[in-house]
Structure formats: C-alpha cells, structure tokens
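Notes follow once the structure below has been shown.
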Amino acid sequence: MSHSEHSYLNLLKDVLNNGVKKEDRTGTGTISVFGYQMRFNLNEGFPLLTTKRVPLKLITSELIWFINGDTNIRYLLQHNNNIWNEWAFKKWVESPDYAGPDMTNFGLRSQQDEAFNLLYLEQEAIFKKRILEDDDFAKEFGDLGNVYGKQWRRWQTSQGEIIDQLKNVIEQIKTNPDSRRLLVTAWSPEDVTPQRSALPPCHTLFQFYVADNKLSCQLYQRSGDIFLGIPFNIASYSLLTHMIAKECGLGVGDFVHTIGDAHIYLNHLEQIEMQLSREVRPLPRLKINPDVQSIFDYKVEDIGVEDYAPQPAIKAPVAV
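For the sequence shown, this note's numbering begins at -8 and goes up steadily by one.
This is the structure in structure tokens:
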C-alpha cells in the first residue's frame, strides 16, 4: 500500500467533498479548493500513479524539453509527445495564415460534436506534419513563447541580461547547500500575456532543500488540473529532484507539492469516480542511466522505471 498515492487520492476526495463550483477561462467549469499540500517520500518508491497508467516517457520528454530551454513543440512531436499541441494549434487556427474550417472553441466542440471532432483531428494532423517538416512554419507556430524552458534557462532581466536559473541553482546546491535561496521561478508578470506566452506558467516556483545529505524539492503550483495535470507534475518534479540529486552526489528526500487553485474539471467526474474505485498497487522504482553525469545531457532513453504494474489508463479531454 502506497502512502504517496493516497496523498493524491485524498486530494481528489477533498475537492469532491469540499470544493466549490467555479467558472474558468475554458468554459468547462470546475470544482476547486484553494490551498492544498501533499508530501511524497521519494525513498518509498517513485510516485507514478498506479490507480491509472501514467506515461513516463511523456513526462520525461517534457522535462528534458524544459531542461534544455526549448519552447518549440517540434522536439515533443519528434518524441510522440502531444501534450502541448493544443496551445500551439490554437495559435495557428486563430492566425491569418489559417484557411481551414472554423476551429473556434475546438476543445469543447470536439468533445460534443463527432462530425466536428473528425474535422479537428484532420486539421491537427496537418498542423503536426507541418511542424515536423517545415522549419519556417515550426518557427512561427510551434514556438510557445516565454514558457518554462525559456524562464528556467534564459530568464531575461530588465537590463537585458540572461540568467540560467537552473544551472545556477545546481551550482549553489553543490557549493552552498544550506542556502535558503535555492529557487527557480517561471512566473514573470510581464510575460503572462498571450502575446508573450501561450500559457502562463501553472507550476510557478520550486525550491530545493538539503538535509542529511538528501535533496528535497517543494513546488508551488498556482493552478492544478487534478485529474490530468497533477499526476504529471508529481512525477516530473520528483524526477527532476532525482536527476539533480544524482549530479550533486546526494540522496533524495521529499517532494512537497503545494497547490493554489486545485481543481477538478466537471467533464472529469466520471473518470475520477472510476479511479477512486480502483485498488492502489506498489510504486515502481526509478532507473536512471548511471553514466550520465550532467542533468543537461539526458536523453529520453536514459530514464525508466522497474516493476510498474498500474491499472489501465483513463482517458479524459484537455480543457484549452
């Protein structure tokens, strides 16, 4: 029985029992609570959910994309990762260059109208092919602006200086592990407009803490889609903690996940009911290629898990 997974399942239950209904920018509607914290002991096992399958390769390729400072979805599509497609696709279909069928509110309409969904899938396939094959198109419509990779690796100051926050914090962990300034932030007030960023950062700030030769990490997430997004965030920041701990010669401690607006979309309720009815299984063990010395040198194939035997995946629509 996994204490870590129960932390997540208790969040689902708490929001269902105590959340309030709220409108949201997607028009889907949510049930939410404000201010929730979970703690995961990374020595109990790797916190990849077992009550539904969570695809580690998607998490790994997205994290490496962040670490590399990339902001263009081409790298993700090259690794069959489609989790950022909707925001780039939205940019294309709302541009003067788009000449296909009307894609207004494609996220909601694709769930409600099967005929429209077929049109949407057709246009999305065209979009992905052009991103992969057309450099100019990819440069214009594949780039998401000042999202995580840019802020982690190329934060630009008001004086025009560039700060590599991730590289700096790793160096500080190695040389000054007791520092209370082991922070990386993705939230820049001037970059949260649609013109600068396709999606203002949801996981806005993370901080490291070293004690007893173990590295812990706390994430502050301003907004969390509990069913689809939070399981990815838990695994992603736990993986990041493992990777940095390995480079710094440390063990791992806890991943602490603090969420501002923790919400369940109203079109995920049936899926959550199914998940809560399932039995929790033992957590897997993380495998990291021991030959990779720097966090900046990892490839997707360097990361894996052993003994992962989850319940089947549960599909649900993304609110865009």
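Beta carbons: idealized from backbone N, C-alpha and C, even for Gly. This one's a predicted model, so the numbers in the text were calculated from it and none came from an experiment.
Assuming C193 contacts Q212 under a Cβ cut-off of 8 angstroms, what Cβ separation, rounded to an integer in Å, is found between them? Yes, they are in contact, since the Cβ atoms of C193 and Q212 sit about 6 angstroms apart, within 8 angstroms.
Determine which residues share a DSSP beta bridge with M29 and list them. H248
For F37 and V296, which I take to be in contact (beta-carbon distance under 8 angstroms), what is that distance rounded to the nearest angstrom? 6 angstroms
Chain-order list of residues whose beta-carbon lies under 7 angstroms from that of S170 (same chain, five-residue window excluded): Q163
Out of N1, T17 and G18, which one is the CA nearest neighbour of G10? N1
Contact under 8 angstroms by Cβ, I153 with L230: no
Can you list, in chain order, the residues of its chain with a C-beta nearer than 7 angstroms to that of L49? Leave out the 5 residues immediately preceding and following it. N72 and I74
Looking at C-alpha atoms only, which residue of G136, F97, I286 and T95 is the closest neighbour of H233? I286
For the alpha helix (DSSP H) containing G220, list its first residue and its last residue. G220 to E238
Using only the alpha-carbon positions, how far apart do L277 and D93 sit? 44 angstroms
Pick out whichever of N59, Y66 and T176 has its Cα sitting closest to the Cα of F197. T176
Helix or strand or just coil, what does DSSP make of N159? N159 falls in the helix class under three-state DSSP.
Unbroken beta strand (DSSP E) runs of length 3 or more, entirely within the segment 134 to 215: which are they? 174 to 176 and 194 to 202
According to the neighbour-count rule (16 or more other Cβ atoms, all chains shown, within 10 Å of its Cβ), is V183 buried or exposed? exposed
Span of the alpha helix (DSSP H), counted from its first residue to its last, around E113: E105 to E124
Tell me the rounded alpha-carbon separation between A307 and E261. 9 angstroms
Meets three-Cβ-pair contact criterion under 8 angstroms: the segment 114 to 127 and the segment 135 to 145: no
What residue from Y228, Y256, H248 and P275 has the CA that sits closest to I55's CA? Y228
Give the straight-line distance between the Cα atoms of D15 and W178, rounded to the nearest whole angstrom. 20 angstroms
Assign H254 to one of three DSSP states: helix, strand, or coil. strand
Applying the criterion that 16 or more other CB atoms from any shown protein chain within 10 Å of the CB defines a buried residue, is R144 buried or exposed? With 16 or more Cβ atoms within 10 Å of its Cβ, R144 is classed as buried.
Should A236 and V243 be called a contact, given that it needs their Cβ atoms to be closer than 8 angstroms? yes
Among F199, L135, D126 and E131, whose alpha-carbon lies nearest the alpha-carbon of N159? Nearest option by C-alpha distance: F199.
How many whole angstroms separate the CB atoms of P275 and Y256, which I take to be in contact at a CB cut-off of 8 angstroms? That belief does not hold up - the Cβ atoms of P275 and Y256 are roughly 27 angstroms apart, past 8 angstroms.
Per-residue burial, A304 [other beta carbons within 10 Å of its own, 16 or more giving buried]: The residue is exposed, with fewer than 16 neighbouring Cβ atoms inside 10 Å.
Residues in its own chain within less than 6 angstroms of Q156 by CB, not counting five upstream and five downstream? If we look at Q156 and ignore the five residues flanking it on each side, its Cβ neighbours are W143, W146 and V175.
By the DSSP assignment, the beta strand (DSSP E) with K12 in it spans what residues? Annotation for K12: the continuous beta strand (DSSP E) segment containing it runs V11 to K13.
Does the beta-carbon of E270 have 16 or more other beta-carbons within 10 angstroms, so that it is buried, or is it exposed? exposed
Exposed or buried, what is S(-5) when buried is set at 16 or more other beta-carbons lying within 10 Å of its beta-carbon? buried
If I measure Cβ to Cβ from T62 and keep anything under 7 angstroms in the same chain, skipping five residues before and after, which residues do I get? D134, L135, G136, V138, G140 and K141
Cα-Cα separation between N34 and R100, rounded to whole angstroms: Approximately 44 angstroms, taken between the alpha carbons.
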